[in-house]
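Below: the structure, in structure tokens.
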Amino acid sequence: MERFKEKVALITGGGRGIGRAICVRFAQEGANIVFTGRNNDENVAETIRQVEETGAKAHFIQSDISQVPAVYSMVKEALDTFGQIDILVNNAGIEINAPFWEVQEKDYDAVMDTNLKGMFFLTQAFVRFVKENNRTGVIINNSSVHEELPFPNFTPYCASKGGMQMVMRNLAVELAPLGIRINNVAPGAIKTPINAKILSDPALLSTLKNNISLGRLGEPEDVAAVIAFLASDDAKYVTGSTYYVDGGLTFHYTEQ
Ligand code: BGC
1 MERFKEKVAL ITGGGRGIGR AICVRFAQEG ANIVFTGRNN DENVAETIRQ
51 VEETGAKAHF IQSDISQVPA VYSMVKEALD TFGQIDILVN NAGIEINAPF
101 WEVQEKDYDA VMDTNLKGMF FLTQAFVRFV KENNRTGVII NNSSVHEELP
151 FPNFTPYCAS KGGMQMVMRN LAVELAPLGI RINNVAPGAI KTPINAKILS
201 DPALLSTLKN NISLGRLGEP EDVAAVIAFL ASDDAKYVTG STYYVDGGLT
251 FHYTEQ
């Protein structure tokens with residue numbers, strides 16, 4: 001399938017985890033890739049290698065999406081590099097594990113500024129480009145099951161994801177007349193570095209698996225496949241929705 005021939009996708013947090021899988025999936029389907037990350041390390045080099053292996057071009061921007069001027073520069077650099085952006089994937093996100101009564105202001109700010117403010121203003125920069133150039137565009141936010149489901153000890157994270165849900169719903173209405181679709185993907189427990197602690201602890205891992213109907217964690221590629229669907233014309237009538245990619249975690253219930 002080559003659904004993204006001659007398209008350019010901008011993906012935040014593409015150095016590892018789900019972000020890397022998104023970069024590679026879009027590249028496999030013909031897009032050129034711009035991706036961002038806070039650090040320029042061996043993970044970035046590996047994403048570039050995997051993208052280029054498909055025959056697509058990759059451009060990395062070292063940047064922190066929690067800074068508004070930085071997200072505007074990101075769009076500019078992507079345009080200077082490839083001349084267009086067709087698809088924006090707001091993927092970068094962080095979480096901090098702390099009981100509510102111990103959350104520090106700096107941690108609250110880091111989570112909200114990266115997950116919600118960064119996505120808000122990068123989307124704004126992208127929308128301005130689309131509008132000013134009479135183009136169309138598609139936006140996918142990598143949210144979480146926790147835009148809906150409680151996650152004790154991760155309250156700022158849940159606040160940011162709940163916020164992403166409402167930003168997405170609002171923009172679906174506001175941006176449709178501009179020819180822009182926007183949707184969220186809500187991953188459950190996926191095998192990525194964000195879950196490193198659980199993955200290395202057999203007891204925690206077994207409890208988690210018991211909460212997932214399919215009985216296992218997801219792969220980054222499982223999420224990337226749904227994001228690619230939403231970015232493609234196969235989903236041309238889909239806007240304002242959240243697609244769960246969680247192996248059944250969200251509504252898992254059993255009395256046994
Ligand atoms: C979080 C993971 C968590 C998963 C399922 C994700 O949004 O980033 O830490 O394991 O949700 O609860």
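Read in order, the letters of the sequence shown are residues 1 to 256 in my numbering.
Built from N, CA and C at the ideal position, the CB exists for glycine as well.
Just so we're clear, the structure is a prediction, and the values are computed from it rather than from any experiment.
{"Item": "Three-way DSSP call (helix, strand, coil) for Gly118 in this model", "Value": "helix"}
{"Item": "Where Phe60 falls: helix, strand or coil (DSSP)", "Value": "strand"}
{"Item": "Cβ-Cβ separation, Ala21 to Ala224 (assumed contact under 8 Å), whole Å", "Value": "4 Å"}
{"Item": "Boundaries of the alpha helix (DSSP H) in which Ile11 is found, first to last residue", "Value": "Run containing Ile11: none in the alpha helix (DSSP H); it sits in the beta strand (DSSP E), Val8 to Ile11."}
{"Item": "Extent of the continuous alpha helix (DSSP H) run through Ile18", "Value": "Gly17 to Gln28"}
{"Item": "Check whether Val245 and Pro193 have beta carbons under 8 Å apart", "Value": "no"}
{"Item": "Assigned exposure category for Gly37 - 16 Cβ within 10 Å defines buried", "Value": "buried"}
{"Item": "Ala58 versus Pro156 - alpha carbon distance", "Value": "33 Å"}
{"Item": "Residues that Ile33 bridges to, as DSSP identifies them", "Value": "Ala9 and Ala58"}
{"Item": "Nonlocal neighbours in the same chain, by C-beta distance under 7 Å from Leu217, ignoring five residues either side", "Value": "Ala189, Ile190 and Lys191"}
{"Item": "Segments of 4+ residues assigned as alpha helix (DSSP H) that fall wholly inside the stretch 88-136", "Value": "105-112 and 118-132"}
{"Item": "Whole-angstrom distance between Gly30 and Ile140, CA atom to CA atom", "Value": "18 Å"}
{"Item": "Gly215: CB within 7 Å of a non-hydrogen atom of the ligand BGC", "Value": "no"}
{"Item": "beta-carbon Val185 near the ligand BGC non-hydrogen atom, thresh 7 Å", "Value": "no"}
{"Item": "Cβ-based burial, Asp86 [other Cβ within 10 Å; buried from 16]", "Value": "buried"}
{"Item": "Identity of the residue in Gln62, Leu199 and Glu132 nearest Glu219 by Cα", "Value": "Leu199"}
{"Item": "Asp80 classed as buried or exposed, judged by whether at least 16 other C-beta atoms fall within 10 angstroms", "Value": "exposed"}
{"Item": "7 Å CB neighbourhood of Lys5 in its chain, flanking five on each side removed", "Value": "Gly30"}
{"Item": "Beta-carbon contacts of Leu214 that lie in its chain and below 7 Å, excluding the five residues immediately before and after", "Value": "Gly247 and Gly248"}
{"Item": "Reduced DSSP secondary structure (H/G/I, E/B, other) of Thr81", "Value": "helix"}
{"Item": "heavy atom of the ligand BGC below 7 Å from Ser232 C-beta", "Value": "no"}
{"Item": "Selected residue, minimal CA-CA separation from Trp101, among Leu175, Val185 and Pro152", "Value": "Pro152"}
{"Item": "For Val167 and Thr242, the rounded distance between their alpha carbons", "Value": "12 Å"}
{"Item": "Nearest residue (CA-CA) to Gln67, options Leu204, Val34, Ala203 and Ala125", "Value": "Ala125"}
{"Item": "Beta-carbon gap between Gly93 and Gly13 smaller than 8 Å", "Value": "yes"}
{"Item": "Straight-line gap, Thr54 to Ala9 (C-alpha atoms, nearest Å)", "Value": "15 Å"}
{"Item": "Nearest-angstrom Cα separation, counted from Ile212 out to Ala203", "Value": "15 Å"}
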